[in-house]
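Trainee: One structure coming up, written as structure tokens, with questions to follow.
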Amino acid sequence: MSTPLKVVDISTLNQGNAKELLDAAVTQGFLYIDGHDFSSVEVEQLFNLSSEFFKLDTDTKEKFPIDSNDRGYTAYHQEMLDPDTQVKGDPKEAFNFGDFDFHTGKIRQSPLPEIFEENENRRLLESTSKKLYDLSIALLKLLAMALEIDPAKGGHDWFLQRHLPDEESITTLRFLRYPSVSSLDANEPIRAGAHTDYGTVTLLFQQENQEGLELYLKNQWQPVPYIPSKYPGKAAPIIVNIADQLSYWTCGLLKSTMHRVKFPSSTVSKDRYSIVFFVNADNNVVLEPIPSPIVSQRDRKITKLITSKEYLDKRFAATYVKGH
Ligand SMILES: O=C(O)CCC(=O)C(=O)O
Ligand SMILES: [Fe+2]
Numbered sequence: 101m102s103t104p105l106k107v108v109d110i111s112t113l114n115q116g117n118a119k120e121l122l123d124a125a126v127t128q129g130f131l132y133i134d135g136h137d138f139s140s141v142e143v144e145q146l147f148n149l150s151s152e153f154f155k156l157d158t159d160t161k162e163k164f165p166i167d168s169n170d171r172g173y174t175a176y177h178q179e180m181l182d183p184d185t186q187v188k189g190d191p192k193e194a195f196n197f198g199d200f201d202f203h204t205g206k207i208r209q210s211p212l213p214e215i216f217e218e219n220e221n222r223r224l225l226e227s228t229s230k231k232l233y234d235l236s237i238a239l240l241k242l243l244a245m246a247l248e249i250d251p252a253k254g255g256h257d258w259f260l261q262r263h264l265p266d267e268e269s270i271t272t273l274r275f276l277r278y279p280s281v282s283s284l285d286a287n288e289p290i291r292a293g294a295h296t297d298y299g300t301v302t303l304l305f306q307q308e309n310q311e312g313l314e315l316y317l318k319n320q321w322q323p324v325p326y327i328p329s330k331y332p333g334k335a336a337p338i339i340v341n342i343a344d345q346l347s348y349w350t351c352g353l354l355k356s357t358m359h360r361v362k363f364p365s366s367t368v369s370k371d372r373y374s375i376v377f378f379v380n381a382d383n384n385v386v387l388e389p390i391p392s393p394i395v396s397q398r399d400r401k402i403t404k405l406i407t408s409k410e411y412l413d414k415r416f417a418a419t420y421v422k423g424h
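With this note's numbering, the residue at position 130 of the sequence shown is 230, and numbering never jumps.
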């Protein structure tokens, strides 16, 4: 299957894949990561857990409404990712986990729906969260290498210092379900409106035969196909995208690319599930220019310094239809 995106193998971390990652981040803002640490069995278990949760009745799910830290359940039509053109919220539902201690992956958010409290499920959620955090830090380290961040200011650990394992942040693990078009209104082909993500980077699992993610590249919408890993037993390459904070931090060098979800015609009669990890800088981190010679050459400068949380609050206020 042809794909507009590069696959970067991160089974070892070196200058070579650091450059490849930066190149993809600058040109497309999206890429696939292979050579990660997730087995296909593990990711299948996660999707099974997600579908078991969404089968629960609405009253049970609505006992955990999304809060001001972006944690909890979002009902159909509650989030509107493209408020400029949408008249109704996205036809999807979601559950967000947050308030992690990434030393272990422990989820401090409480209460959680009972299904997520069951030992085996909690273990799976926490090991997944820890691995996704570690993966995001590895990616940010590669970017720091390629951006040649000043060693006196933090060097390869510059991003780690702003995404500490137990600092307050809005980093979120999200289960998403987009119901099939036949079970909803066929006049709603767009399942998630066009938007850019708000944080640093986003990591996404999508399943075979449940594609639907599209990117706006070269003035047209391009589907992101499912591709298998080249490593036996491993989950498909994880889709990674650059989000707004990282674009802001690099004075626009890294692209926070517009994307949306629209079912291809072959899959409209099936529900689609995706699992997303939104990485955000710690709440009080100021979005100042990265101390990189590559960034300081940019014409575009940052004119207003804001914190990570201030930026996120602004975006949430614009996109949640009710509550939050
Ligand atoms: O479900 C997907 O494939 C993408 C979801 C997404 O872009 C988002 O929630 O920000
Ligand atoms: Fe997104």
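We put the CB at the ideal spot given by N, CA and C, even for glycine.
Given that a residue counts as buried once 16 or more other Cβ atoms are within 10 Å of its Cβ, and exposed if not, what is residue 334?
Mentor: The sequence position of residue 334 within the sequence shown is 234, counting from 1. So residue 334 ends up on the buried side.
Trainee: Could you spell out where the alpha helix (DSSP H) holding residue 138 opens and where it closes?
Mentor: Your numbering for residue 138 matches position 38 in the sequence shown. It is not in any alpha helix (DSSP H) - residue 138 carries neither H nor E in the DSSP assignment.
Trainee: Does residue 309 pass the burial test, meaning 16 or more other C-beta atoms within 10 Å, or should it be called exposed?
Mentor: Position 209 of the sequence shown, counting from 1, holds the residue named residue 309. Exposed, by the Cβ-count rule.
Trainee: To the nearest angstrom, report how far apart residue 371 and residue 188 are at their CA atoms.
Mentor: For this step, residue 371 is matched to residue 271 along the sequence shown. For this step, residue 188 is matched to residue 88 along the sequence shown. Roughly 20 Å between the two C-alpha positions.
Trainee: I'd like to know if the segment 108 to 117 and the segment 167 to 176 are in contact, where contact means that at least 3 CB-CB pairs between them fall below 8 Å.
Mentor: No contact exists between the segment 108 to 117 and the segment 167 to 176.
Trainee: Please say whether residue 276 and residue 366 have beta carbons closer to each other than 8 Å?
Mentor: Residue mapping note: residue 366 aligns to position 266 of the sequence shown, counting from 1. Residue mapping note: residue 276 aligns to position 176 of the sequence shown, counting from 1. Not a contact, by the Cβ cut-off of 8 Å.
Trainee: Kindly identify the DSSP beta-bridge partner or partners of residue 59.
Mentor: The structure shown does not extend to residue 59, since the chain is modelled only from 101 to 424, so the question has no answer here.
Trainee: CB-CB under 8 Å to residue 257, same chain, minus the five flanking residues each way: which ones, in chain order?
Mentor: Sequence index remark: in the sequence shown, residue 257 carries index 157 (1-based). 241 and 244, listed in sequence order.
Trainee: What alpha helix (DSSP H) runs, 4 residues minimum, are completely inside the segment 130 to 211?
Mentor: Entirely contained in the segment 130 to 211, the alpha helix (DSSP H) runs reaching 4 residues are, in chain order, 140 to 155 and 158 to 161.
Trainee: Among 185, 222, 153 and 208, whose alpha-carbon lies nearest the alpha-carbon of residue 193?
Mentor: Sequence index remark: in the sequence shown, residue 193 carries index 93 (1-based). It is 153 whose Cα lies nearest to the Cα of residue 193.
Trainee: With DSSP run on the structure shown, which of helix, strand or coil describes residue 106?
Mentor: As a first step, residue 106 must be located in the sequence shown, where it is residue number 6. It is coil, neither helix nor strand.
Trainee: Taking the CB atoms as reference points, tell me whether residue 109 and residue 137 lie closer together than 8 Å.
Mentor: Indexing the sequence shown from 1 puts residue 109 at position 9. Indexing the sequence shown from 1 puts residue 137 at position 37. Contact: no.
Trainee: Label residue 349 either buried or exposed according to how many other C-beta atoms from any shown protein chain fall within 10 Å of its C-beta, with 16 as the threshold for buried.
Mentor: Locating residue 349 in the sequence shown gives position 249, where the first residue counts as 1. Buried, because 16 or more other Cβ atoms sit within 10 Å of the Cβ of residue 349.
Trainee: Ligand 2 heavy atoms versus the CB of residue 302: any closer than 7 Å?
Mentor: As a first step, residue 302 must be located in the sequence shown, where it is residue number 202. Flag set: Cβ of residue 302 near ligand 2.
Trainee: Reducing DSSP to helix, strand and coil, say where residue 405 ends up.
Mentor: Here the question's residue 405 lines up with position 305 in the sequence shown. If DSSP states are grouped into helix, strand and coil, residue 405 belongs with coil.
Trainee: How about residue 510 and residue 306: do their beta carbons lie closer than 8 Å?
Mentor: The first residue shown for the chain is 101 and the last is 424, placing residue 510 beyond what the model contains.
Trainee: Roughly how many angstroms lie between the CA atoms of residue 296 and residue 169, to the nearest whole one?
Mentor: Walking along the sequence shown from the start, residue 296 turns up at place 196. Walking along the sequence shown from the start, residue 169 turns up at place 69. The straight-line gap from Cα to Cα measures roughly 19 Å.
Trainee: Where in the segment 245 to 306 do unbroken runs of the beta strand (DSSP E), each at least 3 residues long, occur, reported from the N-terminal end onward?
Mentor: Here the runs fully enclosed are 272 to 278, 290 to 295 and 301 to 306.
Trainee: Within 8 Å, do at least three Cβ pairs link the segment 266 to 273 to the segment 381 to 393?
Mentor: The segment 381 to 393, when compared against the segment 266 to 273, does touch it at the 8 Å Cβ threshold.
Trainee: Return yes when at least one heavy atom of ligand 2 lies under 7 Å from the C-beta of residue 413, else no.
Mentor: What you label residue 413 is simply residue 313 of the sequence shown in a count that begins at 1. Checking every heavy atom of ligand 2 against the Cβ of residue 413, none is found closer than 7 Å.
Trainee: Around the Cβ of residue 148, are there at least 16 other Cβ atoms within 10 angstroms (buried) or fewer (exposed)?
Mentor: Along the sequence shown, read from residue 1 onward, the residue named residue 148 stands at position 48. Label assigned to residue 148: exposed.
Trainee: Here's a check: name, in chain order, each residue in its chain whose Cβ is nearer than 6 Å to the Cβ of residue 409, leaving out the five neighbours to either side.
Mentor: Taking the sequence shown and counting its residues from 1, one reaches residue 409 at position 309. 383, listed in sequence order.
Trainee: State the Cα-Cα distance for the pair residue 141 and residue 231, rounded to the nearest angstrom.
Mentor: On the sequence shown, position 41 is the one that residue 141 refers to. On the sequence shown, position 131 is the one that residue 231 refers to. Approximately 15 Å between the Cα atoms of the pair.
Trainee: Specify, as a first and last residue, the run of the beta strand (DSSP E) that residue 374 falls within.
Mentor: As a first step, residue 374 is located in the sequence shown; it is residue number 274 there, counting from the start. Looking at the DSSP string, the run of the beta strand (DSSP E) that includes residue 374 is 372 to 379.
Trainee: If we count the other Cβ atoms within 10 Å of its Cβ and call it buried at 16 or more, is residue 359 buried or exposed?
Mentor: As a working mapping, residue 359 is identified with position 259 in the sequence shown. Answer is buried; the Cβ neighbour count reaches 16.
Trainee: Given 7 Å as the limit, tell me if residue 297 has its C-beta closer than that to any heavy atom belonging to ligand 2.
Mentor: The count along the sequence shown starts at 1 and reaches residue 297 at position 197. Yes, Cβ of residue 297 sits closer than 7 Å to a heavy atom of ligand 2.
Trainee: For residue 340, collect the residues of the same chain with a Cβ closer than 8 Å to its Cβ; drop the 5 residues on either side in sequence, then sort them by chain order.
Mentor: Taking the first residue of the sequence shown as position 1, residue 340 is located at position 240. Counting only Cβ-Cβ distances below 8 Å, and skipping sequence neighbours, we find 130, 131, 132, 133, 239, 301, 302, 303 and 304.
Trainee: Within 10 angstroms of the Cβ of residue 425, are there 16 or more other Cβ atoms? Answer buried if so, exposed if not.
Mentor: The requested residue 425 is not part of the displayed model; the chain covers only 101 to 424.
Trainee: For residue 360, list the residues DSSP reports as bridge partners.
Mentor: Stepping through the sequence shown from its first residue, residue 360 is reached at position 260. Bridge partners of residue 360: 314.
Trainee: Can we count residue 292 as close to ligand 1, meaning its CB is less than 7 Å from some heavy atom?
Mentor: Your numbering for residue 292 matches position 192 in the sequence shown. At least one heavy atom of ligand 1 is nearer than 7 Å to the Cβ of residue 292, so yes.
Trainee: Could you give the DSSP three-state label for residue 386: helix, strand or coil?
Mentor: Position 286 of the sequence shown holds residue 386. DSSP places residue 386 in strand when its eight states are reduced to three.
Trainee: In whole angstroms, give me the CA-to-CA distance for residue 376 and residue 229.
Mentor: For this step, residue 376 is matched to residue 276 along the sequence shown. For this step, residue 229 is matched to residue 129 along the sequence shown. Residue 376 and residue 229: Cα-Cα distance of roughly 11 Å.
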